[in-house]
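What follows is a set of notes on a single structure, which appears directly below.
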Amino acid sequence: MNDKPKENPRTFQAVRGMHDVLPADQPYWDRIENLTKDLARSYGFARLEPPVLEFAELYHKTSGEESDVVQKEMYTLRTKGGDFLALRPEYTPGIARAYLENSLSRMGQPQKLFYFGPVFRHDRPQLGRYRQFTQIGFETLAGPNDPIYDAEIISVSWDLLSELKIKNPTLKINSIGCRVCRPLYKKQLVNYYKNYEKELCGDCAERLKTNPLRLLDCKEEGCVKLKGKAPNFLDKLCAMCTEHFKSVLEYLEEVAIPYELDNHLVRGLDYYSRTVFEMYAEGAEAAIGALPAGGRYDYLMETIGGHLTPAVGVACGVERLIAVMKAREIALPVRNQKKVFLVHAGDLAKQKAFGLLQSLRARGIFVAESLAKESLAAQLKVADKEGISLALILGQKEIYEKSIIIRDLKTGLQEAIPQEKLVDEIKKRL
Ligand code: AMP
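Under this note's numbering, think of the first position of the sequence shown as 2, with each following residue one higher.
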């Protein structure tokens, strides 16, 4: 065997747009995941986690051939067996597939589901836009096409932001109609834009033929100007969609959620119908982008072989929530998890301390240590750095006497107590 170090070994970096979640950030992740679970419990959503890989065709059929997600952003692979798969670029199609495949409709309707996990999009990385990111989502599938479910999805999203102390968010909301009124609106939109075809950006000139609604979504300066005079969707909704949208707004008023009507909001995925919405942190719309965003998708299930199934949902990027919390210096709730610090003096004590550590942890005591450090002073310094106020000191003498020293690190006062009384004594003092 050649033990010589290799010359110039290659160093590696994380793949562009993908990030390590370091220990210092874990408290944010814990907070958001725990909050998501608490909200889900209180609103009655149950977790469903589909696999990360699905057949790529699922997204072609649902998110839409013309959507950015399918056209530019999917990570796809061909398996040895010849299957063409995609790392999920979003959850909703996988949730819908799982709903059908597992006949969840038989488990009661509506099915209220939530998820929390990674999503992959080969997007241009920038602040708030990553290639691997994490989505929280809530979806209400089946049951009546009732606007109260749209309002409930918006309400749980609103609560997520308020509980995280992201103050004064903006909710933008629109209705993009149904199969009856949308084609008529699209026609009017195309007629309007045809007058300005030469002024459109390259993408929009193409979208005019394939997916004219997306013209309202374009961020290019020339296109933004043009949409100011584009026909307003809300004027063109059919009576049923108008009624549905009006009720959603009334429910929001009932729970005092303020909203802004935005008749240019269309969202980038093909499957939406009727209500669409996005929420932003105050002043962070341009810098970070949408936090929770979603809408109704009544026709999605039909595109993958199911019956017409009313559905509405939301997804929110966790990294974006954390970016806002950090930028606003929003403090996390302090977890009251008081610890003791176990110090050893000598080799035998180190061995016994290792055993004691296990038994204390098994009895629910949080114990910190620095057992690889030999000197008492060095160990106590670590305890001090971690802000721990109670130390347990085990030396040769204590081992023979089956005792242990318990020391208040603030006052310096200490006493030896029998080891059998240790747990009670710790509980009394913490
Ligand atoms: P979408 O699935 O495109 O409707 O996005 C839903 C939410 O996911 C957005 O509102 C963001 O909070 C988040 N999100 C979308 N794309 C990204 C990305 N590339 N990086 C981080 N978060 C994202």
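Every residue gets a Cβ at the ideal spot worked out from N, C-alpha and C, and that includes glycine.
Taking C-alpha atoms, which residue in the options lies nearest to residue i?
i: Leu217; options: Asn175, Cys242, Arg17; result: Asn175
i: Leu86; options: Glu102, Glu251, Glu55; result: Glu55
i: Trp30; options: Asp385, Lys398, Phe134; result: Phe134
i: Leu301; options: Ala41, Thr93, Gly229; result: Thr93
i: Ser376; options: Thr310, Phe355, Leu309, Gly396; result: Gly396
i: Ile307; options: Phe115, Ala97, Asp271, Tyr44; result: The identity of residue 307 in the sequence shown is Gly, whereas the question assumes Ile. Out of Phe115, Ala97, Asp271, Tyr44, Ala97 has the C-alpha closest to the C-alpha of Gly307.
i: Leu190; options: Pro213, Lys199, Leu172; result: Pro213
i: Asp147; options: Val325, Arg275, Val383, Ala288; result: Arg275
i: Ser106; options: Cys205, Pro119, Leu309; result: Leu309
i: Leu414; options: Leu322, Leu393, Glu8; result: Leu393
i: Lys173; options: Cys205, Leu201, Glu279, Arg11; result: Glu279
i: Arg122; options: Thr171, Leu349, Met75; result: Met75
i: Pro293; options: Asp160, Tyr272, Lys247, Gln420; result: Asp160
i: Gly203; options: Thr77, Tyr193, Asn196, Cys224; result: Cys224
i: Phe410; options: Ile418, Gln380, Glu421, Arg268; result: Residue identity check: residue 410 is Leu in the sequence provided, not Phe. Leu410 has its Cα closest to that of Gln380, out of Ile418, Gln380, Glu421, Arg268.
i: Asp84; options: Lys374, Leu262, Ala57; result: Ala57
i: His245; options: Val277, Gly229, Pro232, Ala257; result: Val277
i: Ile389; options: Ile305, Ile427, Tyr401, Tyr272; result: Ile427
i: Val313; options: Arg321, Glu320, Gly295, Val120; result: Gly295
For residue i, which residues of its own chain have a beta-carbon under 8 Å away from its beta-carbon, when the five flanking residues on both sides are left out?
i: Glu387; result: Lys340, Phe342, Ala369
i: Phe234; result: Asn175, Ser176, Ile177, Gly178, Tyr186, Asn264
i: Glu198; result: Ala206, Leu209
In the DSSP assignment, find the unbroken beta strand (DSSP E) run with residue i in it and report its ends.
i: Val335; result: That residue, Val335, is in no beta strand (DSSP E); it is neither H nor E in DSSP.
i: Ala206; result: Not the beta strand (DSSP E): Ala206 falls in the alpha helix (DSSP H), residues 203 to 211.
i: Ala392; result: 391 to 395
i: Glu55; result: 54 to 56
i: Thr310; result: Run containing Thr310: none; DSSP gives neither H nor E here.
i: Leu88; result: 85 to 88
Just verifying my parser: in three-state terms, what is the DSSP assignment at residue i?
i: Gly356; result: helix
i: Ser106; result: helix
i: Glu283; result: coil
i: Asn169; result: coil
i: His265; result: coil
i: Ile400; result: helix
i: Ala41; result: helix
i: Lys113; result: strand
i: Pro28; result: helix
i: His245; result: helix
i: Asn146; result: coil
i: Ile177; result: coil
i: Asp69; result: helix
i: Asp409; result: strand
i: Ala369; result: strand
i: Pro259; result: coil
i: Phe278; result: strand
i: Cys317; result: strand
i: Glu20; result: Inspection of the sequence shows that residue 20 is occupied by His rather than by Glu. Here His20 sits in coil by DSSP.
i: Gly223; result: helix
i: Arg322; result: Position check: residue 322 holds Leu in this sequence, whereas Arg was assumed. Leu322: helix per DSSP, three-state reduction.
i: His123; result: coil
i: Gly296; result: strand
i: Arg79; result: strand
i: Arg130; result: strand
i: Thr12; result: coil
i: Arg48; result: strand
i: Gly118; result: strand
i: Gly138; result: strand
i: Leu270; result: coil
Only counting the same chain, and skipping five residues up and downstream in sequence, which positions put a Cβ closer than 7 Å to that of residue i?
i: Arg430; result: Leu391
i: Arg183; result: Ile177
i: Leu372; result: His345, Lys351, Ala354, Phe355
i: Glu34; result: Phe117
i: Asp21; result: Ala15
i: Tyr273; result: Ile177, Gly296, Arg297, Tyr298
Got a sec, what are the start and stop residues for the alpha helix (DSSP H) residue i sits in?
i: Gln380; result: 377 to 386
i: Ile427; result: 423 to 430
i: Pro419; result: That residue, Pro419, is in no alpha helix (DSSP H); its beta strand (DSSP E) goes 415 to 419.
i: Arg183; result: 183 to 195
i: Leu235; result: 234 to 237
i: Glu303; result: 301 to 304
If I measure Cβ to Cβ from residue i and keep anything under 6 Å in the same chain, skipping five residues before and after, which residues do I get?
i: Val424; result: Arg364
i: Leu333; result: Pro28, Arg32
i: Thr211; result: Glu67
i: Leu361; result: Val368
i: Tyr44; result: Val157
i: Lys113; result: Gly45, Phe46, Thr141
i: Glu200; result: Gly223
Tell me whether residue i counts as near ligand 2, meaning its Cβ is closer than 7 Å to at least one heavy atom of that ligand.
i: Gln420; result: Summarising the ligand content, the structure contains ligand 1 and does not contain ligand 2.
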